[in-house]
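Residue numbers (the numbering used here), protein chains in the order written: chain A, 5 to 483; chain B, 747 to 1183. Note sheet for the following structure.
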């Protein structure tokens, strides 16, 4: 990016909303993803749709790449800059524009944090269920772009189940409006759902319309301790077979339990091989009945202890502790590579076994936790990026895990997105025709490939760091 | 320049890059950072600052105006440490960066030199502090302050100076260290021997709170030991990048308190307690002091922490009123003391303790932050005062002198009708069965 381009950008957003200082470039070179980073050329904080539109048009002419960014908590590198890029930060777009209590919808700007949105709609007795682990920090815009999940996915689904419409600026500068407040709407292709999970490669989202549901009135949260990992996995299967749908069913292995306990000091059992955090919610006596059934299933599967949260605040403490799991694992080693291989839930016990096997086979340490109820595991490799040999073994272990997940009918990512970190595995899941279709759509919308290029599938421009790497580099690679 | 910084200063404090690598930049700290909340800029966040310190240590950047600004813009409230599941020691990194700044040409500016002079020569010396405080007392009490404000003297110099002058706490008539005997015995049998840090500013500006603390302790059957040669704890020095003086003061206190046999060392100031708990860490590589300092730190307790431990032995009388409690940063985030003060206060009959939203969010006092970053500090104070207003309480309690002054100032500035006290003042009332103010 040359000075002339920078001057033009400044003219669009104003000097105060532009920076290319070395300090700011460093501070926008990363997100929540391990190992990957790249310096952008400049950063802008646009204030209006028009400014974003003009930036897009300029990017096609200049040219330079445009990388949208929310709070930067992503775990697949979706908001990490690429070569010659301008980072567009949306965190100041943090207004809730309308809470419509007649249609049960909320209209927000993309920079509103998920937790803030939830607490505002709860004041009206309404509920926005998706709750990614970083909900106090991450933005709705990022959630929509990555189709984020969370702890409550099992019963309430993920972000895509709540998006009714979006407004976004396309790479050619046009404003696209998708969806609306209609419960039913089949006019043309379903563009609104296509935008969800497009990882900032199709447009920069400037407005979001979300569906809300009535806030459940009762909930019971309990924690079951297991001496054996396999017992906990069986308990999960039994609950699903008993036709109970808890709103949350979270699994933590021994390594994770220890790290979380060291951070929270809430009395988690450091000797247990696994714990399950389960919440049932709803209305009236059914909640209590479900909780009893859950308890019985836990006991039948040799749970050594069942702790029932005595109050909402205790339940919140337990859930907050679970949300800290990924970062707490960094207590053991400085680099934590978190993946989210996901399998059909009946295959969860097999997948947990495969993670253990990967750790043994490649001599690396894993902390394993995740959303047991929906088969979305978060095997996290505890390593140190300064040890290149170990990092290489970690990559091989992940390759093994991804392969095994796919053999079990699973996928490479349940809720974090493909981004930079997993794009080399995409063909394994989507197949060649799938990836080809994605590329065609992208090039039809973004002719000059200026918007978040190199993410999901394109190969160039390349990003710094040792991830992602080519499959051919791995010995004994097999599908 | 940066090469020199890297080798000489930063590495001295951050012995290897483990401490810098520990941050996995997950961003969980962002939501708790008052400065990030103000600017929404990554460099004003703990994650961004760590990345910048890392870049400086690796000579990727020079020491620049922006770097210096961001390190000083940080309140050092350490809310991010509470929020960090990975256990990153952010506070010590920022303090190290501040030392780098203070050693560099940036430290040579007039205001920095003046700050250093105050810290090294006034706060660190009890007689000099008392002398300056006497002058301040004369200024505050004989109409000079009122007169200068009435003729608009400060506005002539700088519009903010007048506000800053109002922010500074009133000097106490009598300094607490002038009243206290070295050993103060309770009326009855001695159950605990408690060493007490009179502190520097606590002694001259908040003598009443010190008196209340000693009274509470003796009413709870404690002998209070008050070593007459004790010095300032050094926390303000450490937070402002003068670790050398902080270490000198720490050693002196380890020696002076070491002359007495006591069960616990009690502090009524969150900042002092927090730093004395760190002595063991600060002096860990000092051959002569490491063991002694470790033992010293293990005995340090905040007054509410101590009272909470001996709660079954205390009988409280009725105290009517609606109260709320603000968590001082260095109590909540550095010492992780949040439940104990609430537990003690809730066990006083008659007290209605209202929940304060965002009670652990910094009030903006932060040492001398409210003076050097007046505008930013006021934005944080306004947020705090609005939360206090919502509780409909008549009294705010908080365990740190800086917070007390700040919230008192905020009550006037933002027109919130509350009184502000240290919890010990109310605890003393409850012990004496007197609801008189």
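Glycine included, each C-beta is placed from N, C-alpha and C at the ideal position.
For residue i, which option in the options has the closest C-alpha, if you only look at C-alpha atoms?
i, options, result
"residue 92 of chain A", "A:101, A:82, A:100 and A:99", "A:82"
"residue 233 of chain A", "A:79, A:280, A:402 and A:138", "A:280"
"residue 780 of chain B", "B:954, B:1144 and B:1129", "B:1129"
"residue 962 of chain B", "B:1143, B:841, B:1030 and B:1060", "B:1060"
"residue 1107 of chain B", "B:1118, B:1123 and B:1097", "B:1123"
"residue 1105 of chain B", "B:1092, B:1052, B:1081 and B:1143", "B:1143"
"residue 1167 of chain B", "B:845, B:1120, B:972 and B:958", "B:958"
"residue 1131 of chain B", "B:1112, B:1116 and B:1152", "B:1152"
"residue 286 of chain A", "A:15, A:265, A:131 and A:434", "A:131"
"residue 1171 of chain B", "B:1094, B:969 and B:935", "B:1094"
"residue 28 of chain A", "A:241, A:67 and A:85", "A:85"
"residue 804 of chain B", "B:767, B:775 and B:1099", "B:767"
"residue 295 of chain A", "A:390, A:227, A:211 and A:401", "A:227"
"residue 1169 of chain B", "B:967, B:1051, B:1125 and B:1046", "B:1051"
Roughly how many angstroms lie between the CA atoms of residue i and residue j, to the nearest whole one?
i, j, result
"residue 249 of chain A", "residue 293 of chain A", "12 angstroms"
"residue 770 of chain B", "residue 137 of chain A", "15 angstroms"
"residue 72 of chain A", "residue 204 of chain A", "6 angstroms"
"residue 9 of chain A", "residue 35 of chain A", "25 angstroms"
"residue 471 of chain A", "residue 1154 of chain B", "Any reading at residue 471 of chain A needs caution, since the residue's pLDDT is 42, under 50, leaving its predicted position unreliable; the model's value is listed next. Cα-Cα distance, rounded: 54 angstroms."
"residue 374 of chain A", "residue 235 of chain A", "16 angstroms"
"residue 302 of chain A", "residue 247 of chain A", "15 angstroms"
"residue 1149 of chain B", "residue 1127 of chain B", "10 angstroms"
"residue 1025 of chain B", "residue 1057 of chain B", "28 angstroms"
"residue 104 of chain A", "residue 985 of chain B", "48 angstroms"
"residue 192 of chain A", "residue 405 of chain A", "39 angstroms"
"residue 1018 of chain B", "residue 1112 of chain B", "13 angstroms"
"residue 363 of chain A", "residue 844 of chain B", "42 angstroms"
"residue 806 of chain B", "residue 65 of chain A", "32 angstroms"
"residue 916 of chain B", "residue 954 of chain B", "12 angstroms"
"residue 185 of chain A", "residue 111 of chain A", "10 angstroms"
"residue 339 of chain A", "residue 1006 of chain B", "47 angstroms"
"residue 982 of chain B", "residue 838 of chain B", "13 angstroms"
"residue 1010 of chain B", "residue 846 of chain B", "35 angstroms"
"residue 823 of chain B", "residue 266 of chain A", "22 angstroms"
"residue 306 of chain A", "residue 255 of chain A", "16 angstroms"
"residue 1138 of chain B", "residue 1092 of chain B", "17 angstroms"
Short of 7 angstroms in beta carbon distance, which residues of its chain neighbour residue i, apart from the five on each side in sequence? Order them along the chain.
i, result
"residue 378 of chain A", "157, 158 and 349"
"residue 443 of chain A", "461"
Who are the neighbours of residue i on chain A, taking C-beta pairs under 9 angstroms?
i, result
"residue 813 of chain B", "27"
"residue 1129 of chain B", "None at all; the shortest Cβ gap to chain A is about 15 angstroms."
"residue 810 of chain B", "25, 26 and 27"
"residue 725 of chain B", "Nothing about residue 725 of chain B can be reported from this structure: the residues present for chain B run from 747 to 1183 only."
For residue i, go through chain A and note every residue whose CB falls closer than 7 angstroms to its CB, in chain order.
i, result
"residue 768 of chain B", "334 and 338"
"residue 832 of chain B", "331, 332, 334 and 335"
"residue 801 of chain B", "30"
Please list the partners that residue i has in chain B, where partner means a Cβ-to-Cβ separation under 9 angstroms.
i, result
"residue 76 of chain A", "771, 773, 776, 788 and 793"
Could you work out which residues of chain B lie near residue i, taking near to mean beta carbons separated by less than 7 angstroms?
i, result
"residue 141 of chain A", "773, 774, 776 and 777"
"residue 267 of chain A", "831 and 833"
Keeping to the same chain, check which residues put their C-beta closer than 6 angstroms to that of residue i; ignore five residues upstream and five downstream.
i, result
"residue 1016 of chain B", "1074, 1076, 1077, 1145 and 1146"
"residue 183 of chain A", "168, 169 and 196"
"residue 135 of chain A", "154, 155 and 156"
"residue 421 of chain A", "80, 82, 150 and 203"
Do residue j and residue i come within 8 angstroms of each other at the CB atom, strictly closer than that value?
i, j, result
"residue 424 of chain A", "residue 80 of chain A", "yes"
"residue 485 of chain A", "residue 368 of chain A", "The structure shown does not extend to residue 485 of chain A, since chain A is modelled only from 5 through 483, so no value can be given for it."
"residue 218 of chain A", "residue 450 of chain A", "no"
"residue 277 of chain A", "residue 230 of chain A", "yes"
"residue 344 of chain A", "residue 380 of chain A", "yes"
"residue 240 of chain A", "residue 253 of chain A", "yes"
"residue 1176 of chain B", "residue 1072 of chain B", "no"
Run the proximity test for residue i: is its beta-carbon closer than 7 angstroms to any non-hydrogen atom belonging to the ligand PLP?
i, result
"residue 1093 of chain B", "As presented, the structure is devoid of all ligands, the ligand PLP included, so that no description of it is given."
So residue i contacts chain B; which residues on that side make the cut at Cβ distance below 8 angstroms?
i, result
"residue 289 of chain A", "Residues of chain B passing the Cβ test: none, with the nearest at roughly 30 angstroms."
"residue 38 of chain A", "770"
"residue 138 of chain A", "772, 773 and 774"
In its own chain, which residues sit with a C-beta less than 8 angstroms from the C-beta of residue i, not counting the 5 before and 5 after it?
i, result
"residue 414 of chain A", "345, 346, 347, 348, 351, 355 and 379"
Can you pull the chain A neighbours of residue i, defined as C-beta to C-beta under 8 angstroms?
i, result
"residue 798 of chain B", "27, 30 and 31"
Going along chain C in order, which residues have a C-beta closer than 9 angstroms to the C-beta of residue i?
i, result
"residue 807 of chain B", "Of the protein chains in the structure, A and B, none is chain C."
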